[in-house]
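Those sequence lines, one after another, are chains E and B.
With the first letter of the first sequence counted as 1, position 54 gets the number 54 in UniProt numbering; the numbers rise by one all the way through.
With the first letter of the second sequence counted as 1, position 488 gets the number 488 in UniProt numbering; the numbers rise by one all the way through.
C-beta atoms are modelled at their ideal positions from N, C-alpha and C, and glycine is treated no differently.
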Amino acid sequence: MEVIFILIAISLILAGSFLYLFFRAMKDGQFDDNHTPAIRILFENKQSKIDKKVPTNKIK
Amino acid sequence: MGKVSKIYTPIAKANCYHCGESCVDEVLHFDEKEFCCSGCKLVYEVLNENDLCAYYEIAEAPGTSLGNSKAKDNRFDYLDDQEIIDRLIDFQNDSEVHITFTIPLIHCASCIWLLENLQKLHSGVVSGRVDFIKKKVQVKYSKGQISLKELVQLLSRIGYEPSLNLADIDKKNALPTNRKLIFKLAVAGFCFGNMMLFSLPEYFAEAELLGQGFKKTFNYLNVLLSLPVFFYVATDYYKSAWLSLKNTAVNMDVPIALGIVTLFFYSLYDIFFLGNEGYMDTLGGLLFFLLIGKYYQQKTYDTLSFDRDYKSYFPVAVTKLVKNEEEVIPLIKLKVGDIIRVRNEELIPADSILLDGDAYIDYSFVTGEEVPVAKKQGELIYSGGRQKGTVLTLTVQKSPSQGYLTDLWNNESFEKEKVNSLENLANKVSGKFTMVVLLIAISALIYWVLQGQVSLGVLTFTSVLIITCPCALAMSTPFTLGNTLRVFGKGKFYLKNSQTIEKIAKVDTVIFDKTGTLTDPNKAKVKYIGELLSDESKQIIKAMVMHSTHALSNRINSYLDKITPVQLQSIDETQGKGLVCQYKSQEFRLGSMEFVGASSNGLPEGGNLVFFAVEDYVLGYFFIQSGLREGIQNVVSEVRQERAVHLLSGDQDHERVNLNNIFGEGISMNFNQGPSDKLAYIKRLNNKGANTMMVGDGLNDAGALRESHVGIAVTDKVTNFSPASDAIMDASVISKLPAFLDFAKTSRSIIKASFGLSFTYNAVGVYFAVQGLVSPVFCAILMPISSISVVIFTTITTNYLAYKRGLKDKIW
């Protein structure tokens, strides 16, 4: 049964790293806006017809 | 590229391809598509040229109509000013600049798509990132390739003009502070979860099989996990309890802190000296539940701002005249003596003297004068008014921050933070609660000591403190208020924080502002009934009303907006009755029924009548209805049933009679109230001991909103400017104000009921605790059950009652 000590250690490290990852995501602002990404994911990445051209400053 | 042609269609059936509005005046055809105005067409052209027409495929008619607006080309010139740029941007290095714009027009998926593809419009833009809820876009651009001014011009050309105002350059908004709470919640959750896991074997007999080594290890792990809970997560409670004790008061956090400390230290003693399991899992659970309650209470509205001052209303830049050349300069650089130019629909940025132009200033938002006022050359014009009409030339008399209006913000009321009275229900209860608990604990201790069982005495003493730790009690307030906050928010009544609800429940005096709050200046209706007026008659009427300062004259004046007045031979006004004038040796009369001698047959009701007569022959009359908001009459009469109602108006008192008729006698009405008068009025009421609630809308109410116990800003569009307040109410729901007031009271009753519920749990707990029968298992079961049942009780009752009162469409 001594194996349980190792398991506990692993589980604590695992849970702790999840906590750390959550903190990091939080600090990066991942949870600041949880509406826009839901819309953004639906945009199709269409190849536009004139995309191959070098982009020029059409608007001045 | 398609050819542009203009066709005028008599029946407008086409819908604009860009904005989706029906094309009323004209239809512009371009590229086989219809547009309602040149603004929409231009945006389409720009997008079409740059192959960004996918914009139109994401959402149908995603644009916003800009009308045929011909804004000045140089209006963004101030963005060339390096100082302004430095204040606006978030970050810059040698090559890149980051800036965040607020764009109120963001409203659909297409908007997001377009604003995130700005780099296709201009290669200088690196990227754009939209925050849809906050209506903000962060743009990164390369320094040498596009200037800030060009970027803003680009955005306004595609229909997304950022809103830039004085507050933007004044200070950067700090990050939301509730992140800290989430961190603490995460730590508490992590520790609580693991502690539960390590404590679980204790509760089952099978755990014995694991042997003593395991038990000890688990207990030590629990101690380890409790450290972050005790030293990090719970810190706010110690601070708050300490602060409260220092002020010789007992708030809710005192018994909580007491419970936490007892739990922690007794568990340490239990684990290290007695070799038992302690109550560490209960400690973790307690904090976790408490923080959930705290988090739930903090409902924030991202698009709303509750602490704006005049700076959010004023523009960033003004047009200054230098040697007859126009120059756009930032407002902060405006100095006394500068000569400025103000165009139609622009704001007067500072108290100034009119040099040239026909000033016709709309002060309704600022001072509460309902009808725009005409100003003559040489007169002082106060800042904040909006010019309606031609271009004005003015000379600045006072710096923008020291004008008649903005001086209000130098008042002491704005210096101090609004005092948050500690007198909420929970704090009132907790004082007595703590005393009773201590009393019981000490009596139990004394009893057992007298019996000769000292260790049992200590055990019962700590058990009582542990079991009565008011988790359930502390949860009732945040969850009830949090639910009420959400109910109100769904009803378009947005509160700054949950304490506001308890304050609303106690309001006994309601003060209404008139203009913009009870009335809607844009809703005032003028109708002419009678024989058709010739153009000349209109010109005569215009000339007559321009002579008078009476409110009804002003109304008719603005009704006859584009008419040029004639020169009258003579004109005479009988105050409150009417006007009589001579023109082309004919006598014209304009005024009340008696004044012109009209008959009273078949006249409409519910408004003011102004008759027009030529040589004793009555041609017809103007029917003028005050633009009261819908249902306002009921609001006032319902609020009056239980509370005193006052009315403050920046307007003159010619509507007193009219308002008396509508609302009934007995309302104390005060007219001609300037911004600081209103503030002083509220102060007087407060000093008399009234619990005041100010309902206002304009900048002139800002002082009163600030000074009152509860300040409610009424606004037609919540994203628009509203002065600093405790709550923002959408003008469309003002008729529900009495229901909101009542519901605030109801939530107080719900809190009381849930207090009763948690006291029952405490009584049961104490019954066992004094006998020394409390065990960790008992705690671990009772604590979550009591908390969760209180949460369920408050959530269900709040939502059900809100549904029953018609504040919600469905229960969930």
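Neighbourhood of residue i by C-beta distance below 6 Å, restricted to the same chain and skipping five residues each side
| i | result |
| --- | --- |
| residue 881/B | Shown here, chain B extends from 1 to 812; a query on residue 881/B therefore has no answer. |
| Leu459/B | Gly772 |
DSSP-derived helix/strand/coil call for residue i
| i | result |
| --- | --- |
| Gln586/B | strand |
| Lys375/B | strand |
| His547/B | helix |
| Ser127/B | strand |
| Gly703/B | helix |
| residue 848/B | What is shown of chain B runs 1 to 812, which leaves residue 848/B out entirely. |
| Phe273/B | coil |
| residue 820/B | Because residue 820/B is not part of the residues shown, which for chain B are 1 to 812, the question remains open. |
| Leu394/B | strand |
| Asp309/B | coil |
| Gln633/B | helix |
| Val610/B | strand |
| Asn483/B | helix |
| Ala727/B | strand |
| Cys16/B | coil |
| Gln567/B | coil |
| Tyr20/E | helix |
| Arg341/B | strand |
| Arg157/B | helix |
| Phe183/B | helix |
| Ser513/B | First, the amino acid is wrong: residue 513/B is Asp here, not Ser. Strand. |
| Ile811/B | coil |
| Ile4/E | helix |
| Met669/B | strand |
| Arg40/E | helix |
7 Å CB neighbourhood of residue i in its chain, flanking five on each side removed
| i | result |
| --- | --- |
| Asp358/B | Gly389 and Thr390 |
| Asn424/B | Gln499 and Glu502 |
| Ser244/B | Val250, Asn251, Asp253 and Val254 |
| Val464/B | Val437, Ile440, Ala441, Ala444, Val766, Ala769 and Val770 |
| Leu422/B | Low local confidence applies: a pLDDT of 46 at Leu422/B is under 50, so the model's placement there is unreliable, and no value is given. |
| Thr798/B | Thr480, Asn483, Thr484, Val487, Ser747 and Ile750 |
| Lys375/B | Leu354, Ala359, Ile361 and Ile381 |
| Asn276/B | Asp270 |
| Val449/B | Gly457 |
| Gly124/B | Tyr141, Ser142, Gln145 and Ile146 |
| Thr794/B | Ser476, Phe479, Thr480, Asn483, Ile750 and Ser754 |
Beta-ladder partner(s) of residue i, from DSSP
| i | result |
| --- | --- |
| Ser226/B | Paired residues: none, contrary to the question. |
| Glu573/B | Leu579/B |
| Phe30/B | Lys33/B |
| Leu473/B | Looking at the DSSP assignment, Leu473/B forms no beta bridge with any residue, so it has no partner. |
| Gln625/B | Lys525/B |
| Asp362/B | Arg386/B |
| Met694/B | Ile511/B and Gly711/B |
C-beta contact flag for residue i and residue j at 8 Å
| i | j | result |
| --- | --- | --- |
| residue 819/B | Ala474/B | Residue 819/B cannot be examined here, being either before or after the span of chain B that is shown, 1 to 812. |
| Tyr296/B | Ile260/B | no |
| Ala739/B | Pro723/B | no |
| Tyr55/B | Ser110/B | yes |
| Asp508/B | Arg643/B | yes |
| Leu590/B | Ile541/B | yes |
| Tyr363/B | Gly385/B | yes |
| Phe35/B | Cys53/B | no |
Closer than 8 Å to chain A by CB, residue i
| i | result |
| --- | --- |
| Ile39/E | Among the protein chains in the structure shown, which are E and B, there is no chain A. |
Cβ shell of residue i (< 8 Å), same chain only, five flanking positions each side left out
| i | result |
| --- | --- |
| Ile13/E | none |
| Ser11/E | none |
| Ile85/B | Leu79 and Leu148 |
| Glu326/B | Asn74, Thr319, Lys320 and Arg341 |
Touch check for the region 302 to 319 of chain B and the region 242 to 250 of chain B: three-plus C-beta pairs under 8 Å? With the rule of 3 Cβ pairs closer than 8 Å, the region 302 to 319 of chain B does not count as touching the region 242 to 250 of chain B.
Check whether the region 313 to 323 of chain B and the region 224 to 233 of chain B are in contact - that is, three or more C-beta pairs closer than 8 Å. No contact exists between the region 313 to 323 of chain B and the region 224 to 233 of chain B.
Evaluate the contact criterion for the region 126 to 145 of chain B versus the region 279 to 296 of chain B: three or more CB pairs, one atom per stretch, below 8 Å. Output reads no: the region 279 to 296 of chain B does not touch the region 126 to 145 of chain B.
Can at least three beta-carbon pairs, one atom from the region 593 to 603 of chain B and one from the region 572 to 579 of chain B, be found at a separation below 8 Å? Between the region 593 to 603 of chain B and the region 572 to 579 of chain B there are three or more inter-stretch CB-CB distances shorter than 8 Å, so the stretches are counted as touching.
Are the region 531 to 541 of chain B and the region 565 to 572 of chain B touching, with three or more C-beta to C-beta distances below 8 Å? A contact between stretches requires three or more CB pairs, one per stretch, nearer than 8 Å, and the region 531 to 541 of chain B meets this requirement with the region 565 to 572 of chain B.
Take every Cβ of the region 19 to 36 of chain E, pair it with every Cβ of the region 178 to 195 of chain B, and state whether three or more of those distances are shorter than 8 Å. They touch, by the three-pair rule.
I'd like to know if the region 630 to 645 of chain B and the region 663 to 672 of chain B are in contact, where contact means that at least 3 CB-CB pairs between them fall below 8 Å. When Cβ pairs closer than 8 Å are counted between the two stretches, the region 630 to 645 of chain B is seen to touch the region 663 to 672 of chain B, the count reaching three or more.
Counting Cβ pairs, one atom from each stretch, are 3 or more of them under 8 Å apart for the region 724 to 736 of chain B and the region 490 to 497 of chain B? Yes, the region 724 to 736 of chain B touches the region 490 to 497 of chain B.
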